[in-house]
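Those protein sequence lines, which keep their order, are chains A and B. If you read the first sequence in the working numbering, its first letter stands for residue 1, the second for the next number, and so on. If you read the second sequence in the working numbering, its first letter stands for residue 1, the second for the next number, and so on. Reviewing the structure listed below.
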Amino acid sequence: MSGASTDPRLLRKAPPRPLRISWSDERFRNIVYQVLVVAAVLTLFGWLWSNTRYNLEVRRIATGWGFLSREAGLPIGEHLIDYDPSMSYFRALLVGVLNTLKVAIIGIVLATVLGTLLGVARLSRNWMLAKFAGAYVEIVRDLPLLLQLLFWYSLLQGLPGPRQAFNPVTGVFLSNRGLKLPYIQWEAAHSWALLAFVVGVVITYFYRRAARAKQMRDGQIRPIWPFALAAILGLPLLVWAALGAPFTPDVPELRGFNFRGGLDVSPEFFALLLGLTLYTAGFIAEIVRAGILAVSQGQWEAAQALGLPRGRVMNLIVLPQAMRVIIPPMTSQFLNITKNSSLAVAIGYQDIVSIANTTLNQTGQAIEGIAIIMLVYLTISLSISLFMNWYNKRIALVER
Amino acid sequence: MSEIAADGTPLVAPPEPRRAPITMIGPVAWARENLFANWWSTAITLAMIYLIVKFAVSFVSWAFLNAVWVVPVSPQGIANTEACRALKGVGACWAVITEKHRFILFGTYPYEQHWRPLIVCLLFIGLYIVSAMRRFWRWELALVWIGVLTLIGVLMWGGILGMPYVPQERWGGLPITLILATFGLAFAFPLSILVALGRRSRLPAIKALCVLYVELIRGVPLISLLFMASVMFPLFLPEGLNIDKLLRAQIAIILFAGAYLAEVVRAGLQALPRGQYEAAEALGLSYWKKTGFIILPQALRLVIPPLVNTFIGFFKDTSLVLIIGIFDLLTAGKTAIIEPAWQGFGVEVYITLGLIYFCFCFAMSKYSSGLEAEFNRHRRR
Numbered sequence: 001m002s003g004a005s006t007d008p009r010l011l012r013k014a015p016p017r018p019l020r021i022s023w024s025d026e027r028f029r030n031i032v033y034q035v036l037v038v039a040a041v042l043t044l045f046g047w048l049w050s051n052t053r054y055n056l057e058v059r060r061i062a063t064g065w066g067f068l069s070r071e072a073g074l075p076i077g078e079h080l081i082d083y084d085p086s087m088s089y090f091r092a093l094l095v096g097v098l099n100t101l102k103v104a105i106i107g108i109v110l111a112t113v114l115g116t117l118l119g120v121a122r123l124s125r126n127w128m129l130a131k132f133a134g135a136y137v138e139i140v141r142d143l144p145l146l147l148q149l150l151f152w153y154s155l156l157q158g159l160p161g162p163r164q165a166f167n168p169v170t171g172v173f174l175s176n177r178g179l180k181l182p183y184i185q186w187e188a189a190h191s192w193a194l195l196a197f198v199v200g201v202v203i204t205y206f207y208r209r210a211a212r213a214k215q216m217r218d219g220q221i222r223p224i225w226p227f228a229l230a231a232i233l234g235l236p237l238l239v240w241a242a243l244g245a246p247f248t249p250d251v252p253e254l255r256g257f258n259f260r261g262g263l264d265v266s267p268e269f270f271a272l273l274l275g276l277t278l279y280t281a282g283f284i285a286e287i288v289r290a291g292i293l294a295v296s297q298g299q300w301e302a303a304q305a306l307g308l309p310r311g312r313v314m315n316l317i318v319l320p321q322a323m324r325v326i327i328p329p330m331t332s333q334f335l336n337i338t339k340n341s342s343l344a345v346a347i348g349y350q351d352i353v354s355i356a357n358t359t360l361n362q363t364g365q366a367i368e369g370i371a372i373i374m375l376v377y378l379t380i381s382l383s384i385s386l387f388m389n390w391y392n393k394r395i396a397l398v399e400r
Numbered sequence: 001m002s003e004i005a006a007d008g009t010p011l012v013a014p015p016e017p018r019r020a021p022i023t024m025i026g027p028v029a030w031a032r033e034n035l036f037a038n039w040w041s042t043a044i045t046l047a048m049i050y051l052i053v054k055f056a057v058s059f060v061s062w063a064f065l066n067a068v069w070v071v072p073v074s075p076q077g078i079a080n081t082e083a084c085r086a087l088k089g090v091g092a093c094w095a096v097i098t099e100k101h102r103f104i105l106f107g108t109y110p111y112e113q114h115w116r117p118l119i120v121c122l123l124f125i126g127l128y129i130v131s132a133m134r135r136f137w138r139w140e141l142a143l144v145w146i147g148v149l150t151l152i153g154v155l156m157w158g159g160i161l162g163m164p165y166v167p168q169e170r171w172g173g174l175p176i177t178l179i180l181a182t183f184g185l186a187f188a189f190p191l192s193i194l195v196a197l198g199r200r201s202r203l204p205a206i207k208a209l210c211v212l213y214v215e216l217i218r219g220v221p222l223i224s225l226l227f228m229a230s231v232m233f234p235l236f237l238p239e240g241l242n243i244d245k246l247l248r249a250q251i252a253i254i255l256f257a258g259a260y261l262a263e264v265v266r267a268g269l270q271a272l273p274r275g276q277y278e279a280a281e282a283l284g285l286s287y288w289k290k291t292g293f294i295i296l297p298q299a300l301r302l303v304i305p306p307l308v309n310t311f312i313g314f315f316k317d318t319s320l321v322l323i324i325g326i327f328d329l330l331t332a333g334k335t336a337i338i339e340p341a342w343q344g345f346g347v348e349v350y351i352t353l354g355l356i357y358f359c360f361c362f363a364m365s366k367y368s369s370g371l372e373a374e375f376n377r378h379r380r381r
């Protein structure tokens, strides 16, 4: 059977049949069913809507988005952008969204790293390491996340006060006020260096593409790492040095009853990040393990028979195939971290759910408050899944 | 070829069967292979032994050696926790569990009636065990479920057979967790099958509705649905009609679980070869006969392991009702340590709650992996 010369008779469509208004016509039945279902759903929502309208009127609850520009008057401990209680509700909600994104992004990065390590460790030939990773995964996945968050939070609260804080390394303090880390005094030169770093990454990406294209033409493999090193590390260092190389360490110090200076990680944020990371890492470990196991032994052997060194086998043969299995479930784990960060409300980290909840309690506008929460999460979920679908399509198996 | 005499015995005496060297067999060889294969592996093993022993020693001394198991309680019911406070964290204060375990398990249910929620919990566990056994996978199982769930309702509410009536506001603890999970499951599962079928349907309007439902629910966190149930639901209903909070949360959980289970069921429907659908149609079966007799029995069988995994996730997620103040197991535990005398002993309570949750989830997860191995037996060579 060749595709080029299909029998023309197979391409012919059935002649259009007129729609009969009769129960024995399948198309007619299908239309009736759909009309009935849609009508039922619309009636249900219409009924709920009219009830809501009535209830809102009876209870004198205001509607509309006017409250967004009113003064919020709610204090927020952690904010990435300027905020004080005299600012508007809109600003407060924006701070909440940024807090959600902050914990979600850091959590995704940490959980991916830890989860991958654990997944590889579960396949290790060292019995003890494999068993430890297995036990970790089993325990973490079988306990509710909320329970784990409350556990970490109460553990952190049970730590000694700032005066007896744990001080494992100079400048790092762990107490019931959270975690204090050393930092540097941020100056313009650092921002420029950061920008140079981003530029370096972009340049490296294009350099790698060009090198790949050349390799496709002449078969020569060109090492990328010297260029990458120069662009990603050298360029920012150069920029930093050219601007006078400012470096003033900002180490936290105990002054009176609390710490001064340094980078401040609040107990709430720390507990949430710890819980989310440890919990999701357990799931990611299983995904990574399944992905590696899904690449058959024959692929390893065939690659080695070609004389590829072990590192190349991993990079060129096994990982690209494992990634196809890993990416789709990994996407849903990233979405889960984002959605699970909403549990912050239970331990008092002020994310979007917590702030929207306070807002709806203060204004009494429940519908708008919940709509905001849902809208924010739907937007984040859709963006992550669009990005991951795009990435998945790029690496997916190209079949005939 | 060795030399052989005329009568067949070899001229050279056969060597004594030699034992393999001690380093090649038995536990020594196993340890060499699995723990000390190379210097890197040895380093990991030694580091892990050190860490595990160190952790185990400090845990045992915290949880057992230095722990306080009972504290005196004054006649007014106020516990004297000075013994616990004096430990300053070097020992666990299990007295909080000794004192509060009835409250954590059964909440504010009347104290003398605690045997009723206890029987309810046992009934639930029995129901799970019976449902897990494959010899009971018949249509009659649905009747058993209806019967047992009715019995559970009778026991919890009471009011007949000499059992005093207990209003729903006083229920709490483990029964609430099990009720939310079990009733949620019992309603979400049929819903999910309908939605999954709808999503695979050829009727565009029905398909669109199902896609919208699944994607909307899966795009938002469960908390937002629970908030909706607790603050928005009352606005949806006509005046005078009030649904209590537990039922509202239950509806939110059913809608949430239904969307996730529907995706699992849909995976099973998709994994079934097209030939099964076509063969059923060729026999002239109607849509519902085709679905009920040919497609669903095979498709559901394919997805039992991921279904059980979804149930585990869903059992854990019932703990989120804490945030809207429903008195489940986790809320009961958190409430138990609000009392000033017991403040600061959260770690002990959460470890105990963790053990309870772990028992349920671990049993389900072992069961799921057992089933998976059994179903995949034909695939293994």
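Where is the CB? At the ideal position from N, CA and C, for every residue including glycine. Bear in mind that the values here come from a model prediction, so they are computed numbers and not experimental data.
Discussion item. Helix, strand or coil, according to DSSP, for A:S2 in the structure here?
Written reply: Residue confidence for A:S2 is low, a pLDDT of 47 falling below 50, so the modelled location carries little weight; the figure read from the coordinates is stated next. A:S2 falls in the coil class under three-state DSSP.
Worksheet item: Relative to chain A, which residues along the region 16-37 of chain B have a C-beta separation below 7 Å, given in chain order?
Response: N34, L35 and A37
Worksheet item: Around the C-beta of A:E286, are 16 or more other C-beta atoms found within 10 angstroms, so that it is buried, or is it exposed?
Response: buried
Worksheet item: Between B:I52, B:F315 and B:V303, which lies nearest to B:I254 when the distance is taken from Cα to Cα?
Response: B:F315
Practice prompt. Check whether the Cβ of B:A267 lies closer than 8 Å to any Cβ atom in chain A.
Written response: no
Practice prompt. Give the residues from the region 231-252 of chain B that approach chain A closer than 8 Å (Cβ to any Cβ), ordered along the chain.
Written response: V231, M232, P234, L235, F236, L237, P238 and E239
Practice prompt. Report back the beta-carbon spacing between A:I284 and A:A322 to the nearest angstrom; my notes put them in contact at under 8 Å.
Written response: 13 Å between Cβ atoms; not a contact.
Worksheet item: Between B:F227 and chain A, is there a C-beta pair that is closer than 8 Å?
Response: yes
Worksheet item: Using the beta-carbon of each residue, which ones in chain A are nearer than 8 Å to B:V220?
Response: K339, I373, M374, Y377, L378 and S381
Practice prompt. Check each candidate in A:W300, A:P329 and A:V325 and name the one with the smallest Cα separation from A:N315.
Written response: A:W300
Worksheet item: Alpha carbon to alpha carbon, what distance is there between A:K180 and A:F259?
Response: 8 Å
Fill in: Segment limits, beta strand (DSSP E) that includes A:R9
Note, A:R9: premise wrong, no beta strand (DSSP E); alpha helix (DSSP H) at P8 to L11.
Discussion item. If you reduce the DSSP assignment to three classes, tell me which class B:V71 lands in.
Written reply: coil
Worksheet item: Taking Cβ-Cβ distances shorter than 8 Å, what residues in chain B pair up with A:Q304?
Response: What A:Q304 touches in chain B: nothing, since even the nearest Cβ is about 19 Å away.
Fill in: Burial state of B:F345, where buried means 16 or more other Cβ atoms lie within 10 Å
buried
Worksheet item: When we look at the beta-carbon of B:C361 and count the other beta-carbons within 10 Å, is it buried (16 or more) or exposed?
Response: buried
Practice prompt. Report yes if the C-beta distance between A:A133 and A:R122 is below 8 Å; otherwise report no.
Written response: yes
Worksheet item: Is A:L19 buried or exposed, if buried means 16 or more other CB atoms sit within 10 Å of its CB?
Response: exposed
Practice prompt. In angstroms with no decimal places, state the Cα-to-Cα distance between B:F136 and A:E138.
Written response: 28 Å
Discussion item. For B:R85, tell me which candidate among B:A56, B:P340, B:A132 and B:I52 has the shortest Cα-Cα distance.
Written reply: B:P340
Discussion item. With H, G and I counted as helix, E and B as strand and the rest as coil, what does DSSP make of A:I184?
Written reply: strand
Worksheet entry | Opposing strand residues paired with A:L263 [DSSP bridges] | A:L181
Worksheet entry | Straight-line gap, A:I337 to B:I323 (C-alpha atoms, nearest Å) | 18 Å
Worksheet item: For the beta strand (DSSP E) that contains A:L174, what are its first and last residues?
Response: F173 to S175
Worksheet item: Does the distance from the CB of B:Y357 to the CB of A:L147 come in under 8 Å?
Response: yes
Item to complete: Note down, in chain order, each residue of its chain lying with its Cβ closer than 7 Å to the Cβ of B:G91, except the 5 sequence neighbours on either side.
Response: W62, N66, A67 and V68
Worksheet entry | A:L254, enclosing beta strand (DSSP E) - first and last residue | E253 to R255
Item to complete: Can you grab the Cα-Cα spacing for the pair B:F183 / B:Q250, in whole Å?
Response: 8 Å
Fill in: When A:Q365, A:L235, A:I384 and A:T359 are compared against A:P75, the one with the closest alpha-carbon
A:T359
Worksheet item: So A:L306 is in the alpha helix (DSSP H); what residue range does that whole segment cover?
Response: Here A:L306 belongs to no alpha helix (DSSP H), and DSSP marks it neither H nor E.
Practice prompt. Measure the alpha-carbon distance for B:N38 versus A:M128 and round it to whole angstroms.
Written response: 14 Å
Practice prompt. Could you name the residues of the same chain whose beta carbon sits closer than 8 Å to that of A:L80, not counting the 5 residues immediately before and after it, in chain order?
Written response: V95, L98, N99 and K102
Worksheet item: Name the chain B residues whose beta carbon is nearer than 7 Å to that of A:Y33?
Response: L203
Worksheet item: Should B:E278 be labelled buried (16 or more other beta-carbon atoms within 10 Å of its own) or exposed?
Response: exposed
Item to complete: Please confirm whether B:M364 and B:I312 have their CB atoms less than 8 Å apart.
Response: yes
Worksheet item: Based on the DSSP output, what are the partners of B:G173 in its beta bridges?
Response: B:D328
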